[in-house]
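Below is one structure, written out as structure tokens, with a few remarks after it.
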Amino acid sequence: FIISGCLSIGAEKSPTECAVKGSQTMNVISAIFALLGIVAFIVDLNLNGLYRSSFDYDGYLVLLAGNGISIVLLIFTILEFCIAVATANFWCRATRLSANE
Numbered sequence: 509f510i511i512s513g514c515l516s517i518g519a520e521k522s523p524t525e526c527a528v529k530g531s532q533t534m535n536v537i538s539a540i541f542a543l544l545g546i547v548a549f550i551v552d553l554n555l556n557g558l559y560r561s562s563f564d565y566d567g568y569l570v571l572l573a574g575n576g577i578s579i580v581l582l583i584f585t586i587l588e589f590c591i592a593v594a595t596a597n598f599w600c601r602a603t604r605l606s607a608n609e
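Going by my numbering, the residue at position 32 of the sequence shown is 540; the numbering climbs one at a time, nothing skipped.
Right, here's the structure in full:
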């Protein structure tokens, strides 16, 4: 995601065809990895449900904290996915507009 952002900044400062296509490609790759991250966090939350058969209070608190962290990371991963898709869409439109000129 950092490489994708750096390429987007570089392509915005000096919009050569190579920089724009590289930024677009990295944003698509970032969106794919963010989607994989979303799936991984959802699977993690399903496997580590809140309901356990034992009545271990400390274990329950650890499980609750872990699920809370997973939920926050899931929210940030969804945000990363939305940003990557929006940026890839922007560069795709910019590429099509420059090709029409």
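Ideal Cβ placement from N, Cα and C applies to all residues, glycine included.
Quick caveat, the model's predicted, so the values are computed rather than measured.
Check the Cα spacing between residue 533 and each of 573, 553 and 519: the tightest is with 519. Non-local beta-carbon contacts of residue 549 in its own chain, meaning distances under 7 Å to residues more than five positions away in sequence, involve 578, 581, 582 and 585 in chain order. DSSP places residue 556 in the coil class of the three-state scheme, outside both helix and strand.
Annotated three-state conformation of residue 522 is coil, per DSSP. The shortest CA-to-CA distance from residue 552 to any of 604, 575, 524 and 528 is the one to 575. Exclusion of the five residues before and after residue 588 leaves 509, 538, 542 and 545 as the residues of its chain whose Cβ lies within less than 8 Å of its Cβ. In the three-state reduction of the DSSP assignment, residue 509 falls in the coil class.
For residue 604, there are no CB contacts under 7 Å within the same chain when 5 residues up- and downstream are skipped. For the 8 Å CB-CB criterion, residue 602 and residue 528 form a contact.
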